[in-house]
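Read through the structure below, which is laid out as structure tokens, and then see the notes.
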Amino acid sequence: MYRLSFSNNGVQVFLGDLPPFDLASLPPKEQRNMIGSTLYYSVEEIEPRFAPKITGMILEMDQDKVLHLLESPEALKEVVKEAMEILADWIPQQMQLLGKEDACKFLASMLPAKL
Numbered sequence: 077m078y079r080l081s082f083s084n085n086g087v088q089v090f091l092g093d094l095p096p097f098d099l100a101s102l103p104p105k106e107q108r109n110m111i112g113s114t115l116y117y118s119v120e121e122i123e124p125r126f127a128p129k130i131t132g133m134i135l136e137m138d139q140d141k142v143l144h145l146l147e148s149p150e151a152l153k154e155v156v157k158e159a160m161e162i163l164a165d166w167i168p169q170q171m172q173l174l175g176k177e178d179a180c181k182f183l184a185s186m187l188p189a190k191l
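Structure below.
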């Protein structure tokens, strides 16, 4: 398992017993995966039911903004709250557009894999 550490010098990655290294030294896809995993666990603590969807929504933001959210729990809570407000409006709209069977599939896709 790894963890991210934030400092004035950038973001450091700590991976087991290996010496820390800069997140920026990784390819963009690996950076996104590490940030996404870290973000998911932070979002899951705030809103477990919709953590996958909200994490995806946040990952659409600029990477510097996402890193700021990981550094600031209060800012992350605010963004999660905003995302929930968006979902509260969006989900009923989607339900009206779908038939009964598709609506059930849609709702099931919104649930986390583990209950």
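Whatever position you read off the sequence shown (first residue = 1), add 76 for the numbering used here. Here a beta-carbon is modelled for each residue, glycine too, at the ideal position from N, C-alpha and C.
| Asked | Found |
| --- | --- |
| Using CA coordinates, which residue listed in Val87, Gly92, Asn84 is at the minimum distance from tyrosine 55? | Because the chain here runs from 77 to 191, residue 55 falls outside it and cannot be looked at. |
| Can you give the beta carbon distance from valine 156 to isoleucine 111, rounded, assuming they're within the 8 Å contact cut? | Not a contact, Cβ separation roughly 16 Å. |
| With H, G and I counted as helix, E and B as strand and the rest as coil, what does DSSP make of aspartate 93? | coil |
| Go ahead and pull the three-state DSSP assignment for leucine 102. | coil |
| Per DSSP, leucine 80 is paired with what? | Val89 |
| Touch check for the stretch 132-151 and the stretch 112-124: three-plus C-beta pairs under 8 Å? | yes |
| Alpha carbons only, please: which of Phe90, Lys129, Ser83 is nearest the one belonging to isoleucine 162? | Lys129 |
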